[in-house]
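Numbering (full-length UniProt numbering), first residue to last: 1 to 132.
Scroll down for the structure; my scribbles are underneath it.
Shown next as C-alpha coordinates:
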(Lines of atoms letter the chains of each structure in order from A and count residues from 1; the text may use other names and numbers.)
(Lines give C-alpha, C1' and ligand atoms only; values in the text may rest on other atoms or scores of the structure.)
Protein backbone atom coordinates (compact mmCIF):
# COMPACT_ATOMS: atom_id res chain seq x y z
CA UNK A 1 0.00 0.00 0.00
CA UNK A 2 2.77 2.45 0.87
CA UNK A 3 4.64 1.52 -2.33
CA UNK A 4 1.55 2.49 -4.30
CA UNK A 5 1.38 5.77 -2.40
CA UNK A 6 5.01 6.51 -3.28
CA UNK A 7 4.38 5.89 -6.97
CA UNK A 8 1.18 7.93 -6.83
CA UNK A 9 3.00 10.77 -5.11
CA UNK A 10 5.75 10.75 -7.70
CA UNK A 11 3.30 10.86 -10.58
CA UNK A 12 1.00 13.45 -9.00
CA UNK A 13 3.83 15.75 -7.95
CA UNK A 14 5.38 15.53 -11.41
CA UNK A 15 2.11 16.26 -13.19
CA UNK A 16 1.11 19.05 -10.80
CA UNK A 17 4.51 20.69 -11.23
CA UNK A 18 4.20 20.47 -15.00
CA UNK A 19 0.66 21.85 -14.85
CA UNK A 20 1.67 24.77 -12.63
CA UNK A 21 4.55 25.69 -14.95
CA UNK A 22 2.31 25.51 -18.02
CA UNK A 23 -0.46 27.54 -16.41
CA UNK A 24 1.98 30.26 -15.37
CA UNK A 25 3.83 30.26 -18.71
CA UNK A 26 0.96 29.96 -21.18
CA UNK A 27 -1.89 31.70 -19.37
CA UNK A 28 0.10 34.44 -17.66
CA UNK A 29 -2.17 37.19 -19.00
CA UNK A 30 -5.42 35.49 -17.96
CA UNK A 31 -4.09 33.61 -14.96
CA UNK A 32 -6.82 32.70 -12.52
CA UNK A 33 -5.67 33.10 -8.95
CA UNK A 34 -8.11 30.46 -7.77
CA UNK A 35 -6.75 27.88 -10.23
CA UNK A 36 -3.17 28.65 -9.31
CA UNK A 37 -3.93 28.38 -5.58
CA UNK A 38 -5.80 25.11 -6.21
CA UNK A 39 -2.87 23.54 -8.09
CA UNK A 40 -0.31 24.66 -5.53
CA UNK A 41 -2.41 23.61 -2.53
CA UNK A 42 -3.09 20.16 -3.99
CA UNK A 43 0.64 19.72 -4.65
CA UNK A 44 1.47 20.77 -1.09
CA UNK A 45 -1.19 18.38 0.26
CA UNK A 46 0.31 15.43 -1.62
CA UNK A 47 3.79 16.53 -0.54
CA UNK A 48 2.78 16.71 3.13
CA UNK A 49 0.97 13.37 3.00
CA UNK A 50 4.06 11.53 1.82
CA UNK A 51 6.31 13.62 4.04
CA UNK A 52 4.38 12.53 7.12
CA UNK A 53 4.89 8.86 6.23
CA UNK A 54 8.61 9.43 5.67
CA UNK A 55 9.02 11.53 8.83
CA UNK A 56 7.29 8.82 10.86
CA UNK A 57 9.62 6.21 9.40
CA UNK A 58 12.65 8.39 10.14
CA UNK A 59 11.45 8.87 13.73
CA UNK A 60 11.06 5.10 14.14
CA UNK A 61 14.61 4.49 12.88
CA UNK A 62 16.18 7.07 15.20
CA UNK A 63 14.25 5.86 18.24
CA UNK A 64 15.17 2.23 17.60
CA UNK A 65 18.84 3.22 17.26
CA UNK A 66 18.60 4.88 20.67
CA UNK A 67 17.57 1.52 22.18
CA UNK A 68 20.89 0.02 21.11
CA UNK A 69 22.91 2.90 22.51
CA UNK A 70 20.98 2.89 25.79
CA UNK A 71 21.62 -0.83 26.24
CA UNK A 72 25.28 -0.37 25.30
CA UNK A 73 25.84 2.42 27.83
CA UNK A 74 24.08 0.58 30.65
CA UNK A 75 26.30 -0.61 33.51
CA UNK A 76 25.92 -4.32 32.80
CA UNK A 77 28.71 -5.27 35.18
CA UNK A 78 26.43 -4.49 38.15
CA UNK A 79 23.74 -6.91 36.94
CA UNK A 80 23.18 -10.56 37.65
CA UNK A 81 24.61 -12.85 34.94
CA UNK A 82 21.18 -13.89 33.63
CA UNK A 83 20.05 -10.28 33.25
CA UNK A 84 23.38 -9.34 31.64
CA UNK A 85 22.87 -12.09 29.03
CA UNK A 86 19.38 -10.75 28.33
CA UNK A 87 20.88 -7.30 27.87
CA UNK A 88 23.26 -8.76 25.29
CA UNK A 89 20.29 -10.26 23.45
CA UNK A 90 18.57 -6.87 23.49
CA UNK A 91 21.71 -5.28 22.05
CA UNK A 92 21.94 -7.91 19.30
CA UNK A 93 18.30 -7.37 18.33
CA UNK A 94 18.53 -3.59 18.49
CA UNK A 95 21.67 -3.53 16.33
CA UNK A 96 19.49 -3.49 13.21
CA UNK A 97 17.07 -0.56 13.52
CA UNK A 98 13.37 -0.94 12.86
CA UNK A 99 12.00 0.75 9.78
CA UNK A 100 8.86 1.09 7.73
CA UNK A 101 9.34 -0.08 4.16
CA UNK A 102 7.40 0.54 0.99
CA UNK A 103 6.85 -2.87 -0.56
CA UNK A 104 9.78 -4.31 1.41
CA UNK A 105 12.01 -2.35 -0.96
CA UNK A 106 12.36 1.30 0.04
CA UNK A 107 12.81 2.37 3.66
CA UNK A 108 10.43 5.22 4.44
CA UNK A 109 12.98 7.77 5.59
CA UNK A 110 13.62 11.39 4.76
CA UNK A 111 16.39 10.38 2.33
CA UNK A 112 13.84 8.37 0.35
CA UNK A 113 11.53 11.38 0.40
CA UNK A 114 14.30 13.66 -0.91
CA UNK A 115 15.21 11.16 -3.63
CA UNK A 116 11.57 10.98 -4.68
CA UNK A 117 11.38 14.78 -4.85
CA UNK A 118 14.55 14.96 -6.95
CA UNK A 119 13.28 12.29 -9.33
CA UNK A 120 9.90 14.00 -9.71
CA UNK A 121 11.58 17.35 -10.36
CA UNK A 122 13.73 15.67 -13.01
CA UNK A 123 10.64 14.30 -14.73
CA UNK A 124 9.04 17.75 -14.61
CA UNK A 125 12.06 19.23 -16.37
CA UNK A 126 11.97 16.46 -19.01
CA UNK A 127 8.26 17.05 -19.62
CA UNK A 128 8.82 20.78 -19.81
CA UNK A 129 11.73 20.38 -22.27
CA UNK A 130 9.69 18.05 -24.49
CA UNK A 131 6.73 20.43 -24.40
CA UNK A 132 8.78 23.26 -25.91
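We put the CB at the ideal spot given by N, CA and C, even for glycine.
Every value quoted in this text rests on a predicted model; they were computed, and no experiment measured them.
| query | result |
| --- | --- |
| DSSP beta-bridge partners of residue 107 | 101 |
| Runs of alpha helix (DSSP H) lying entirely within the region 36-114, each at least 4 residues, in chain order | 81-94 |
| Under the three-state DSSP convention, the category residue 12 falls into | helix |
| Candidates 115, 92, 16, of which the one nearest residue 65 by Cα | 92 |
| For residue 74 and residue 112, the rounded distance between their alpha carbons | 33 Å |
| Status (buried if at least 16 other CB within 10 Å, exposed otherwise) for residue 71 | buried |
| 8 Å Cβ cutoff met for residue 17 and residue 116 | no |
| For residue 131, the three-state DSSP class (helix, strand or coil) | helix |
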